[in-house]
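Residue numbers (our numbering), protein chains in the order written: chain A, 1 to 145; chain B, 146 to 290. All C-beta atoms in this analysis are idealised placements derived from N, C-alpha and C, irrespective of residue type, glycine included. None of these values were measured; they are calculated from a predicted model.
2 protein chains.
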Amino acid sequence: MENNFRSGCPIASTLDIIGDKWSLLIVRDMLFEHKMTFKEFSASDEQIAPSILSSRLKRLISYDIITKKKQVGNKKENIYLLSEKAIELTSILVDVSIWGDKYLRDFNQIDNIEGLDQERSLIISTVKQRYTTMVQNTLIEPNDF
Amino acid sequence: MENNFRSGCPIASTLDIIGDKWSLLIVRDMLFEHKMTFKEFSASDEQIAPSILSSRLKRLISYDIITKKKQVGNKKENIYLLSEKAIELTSILVDVSIWGDKYLRDFNQIDNIEGLDQERSLIISTVKQRYTTMVQNTLIEPNDF
DNA sequence: AACAATCACTATCAATTTGATAGTAATAAA
DNA sequence: TTTATTACTATCAAATTGATAGTGATTGTT
């Protein structure tokens, strides 16, 4: 991770990593919908172009936001997973979702992300735990054979 | 505010408004540093070009994130103020700041935004209240004459 | 074993956006 | 009355985006 940030401000630097139209949507798909593959990201409503998706995935890997792996026994699919610090973006994503739900309600589907009426902190911890559990249950470790 | 959002997802729609390199930095300057004028935004560390700043201010106005006014007795300066829904972006900005401070610490100045060690909710309410108070104390209403 | 389908991309290229710099008009200060 | 300041707009090259097509490796089907 090289330092080509615009300034020393933590907000500006964070936006240098995730402050674009697409990066947080990829994280959203991973965190809330447990998507893991190129194909799954491509299938989202927002219709990201493959060239953009490819470049964003590379960028996110370079900033340690996601990792790229292959499952044992599947040489075709690449599996993208969130790093710890990406999982800590949950609170930002939940806040963004709450804000959008509140102020852009007219333009959005209701209940797009389930349980938004619950307590914020409960939502956040639930989302994080679900993701972590999913990863544990999904990944087949080499020494399982 | 026209509906040219990419999808019905509240996260995607919110990012359609503030998901770029500059918009949240303008809100940051207004919210945390109480900046109000074109010149003040231009003077930030991140060196926004005047053409970009101009287009972003217009965009933010069109989405009701900020308003543009003139002070009575000052025909030169334009005063930009945050709308209510922009003030409600505080929690997102504080979360972004906390995340950047935690995970990008090596690249950032320490204590860039004061009081980050306090409770999140206290920080948020303090920031909001300070901004609101500042606006009340700064603006000269026409009927003050 | 042969063929088709799927997956994860890369390539291409026009269109849009960015960003650096210079310039302008209106207001205010000296 | 000249000078400075403010808030922009204009220009234009460079970078990025986004739509579409194509490729190579793997996997499924007959």
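- Note on geometry: alpha-carbon atoms of Val272 (chain B) and Thr14 (chain A) lie some 20 Å from one another.
- If you compare the alpha carbons of B:Ile171, B:Ser236, B:Asp251, B:Met279 with that of Asp190 (chain B), the shortest gap goes to B:Ile171.
- Taken in chain order, the unbroken stretches of alpha helix (DSSP H) that lie wholly in the region 168–207 of chain B and span 4 residues or more are 168–178, 183–187, 195–207.
- Within the region 201–229 of chain B, no residue has its Cβ closer than 8 Å to any Cβ of chain A.
- Here Thr212 (chain B) is bridged, per DSSP, to B:Leu226.
- Residues are counted here when their Cβ sits less than 9 Å from a Cβ of chain A; for the region 163–190 of chain B these are Ile163, Gly164, Asp165, Lys166, Trp167, Ser168, Leu169, Leu170, Arg173, Phe177, Ser189, Asp190, given in chain order.
- The C-beta of Arg130 (chain A) comes no closer than 8 Å to any C-beta of chain B.
- A distance of 8 Å or more separates the beta carbons of Met175 (chain B) and Leu249 (chain B).
- Taken atom to atom, the span from the alpha-carbon of Cys9 (chain A) to that of Ser199 (chain B) is near 22 Å.
- With contacts defined as CB atoms closer than 8 Å, Gly19 (chain A) and Asp165 (chain B) qualify as a contacting pair.
- Taken atom to atom, the span from the alpha-carbon of Ser125 (chain A) to that of Leu234 (chain B) is near 21 Å.
- Put simply, the CB of Thr14 (chain A) is near chain B, with a gap under 8 Å to one of its CB atoms.
- With a 10 Å radius around the Cβ and a threshold of 16 neighbouring Cβ atoms, Ala12 (chain A) comes out buried.
- Nearest CB-CB separation between Leu267 (chain B) and chain A: not below the 8 Å threshold.
- Rounded to the nearest angstrom, the gap between the Cα atoms of Ala43 (chain A) and Arg151 (chain B) is 14 Å.
- The Cβ of Ile237 (chain B) sits closer than 8 Å to at least one Cβ of chain A.
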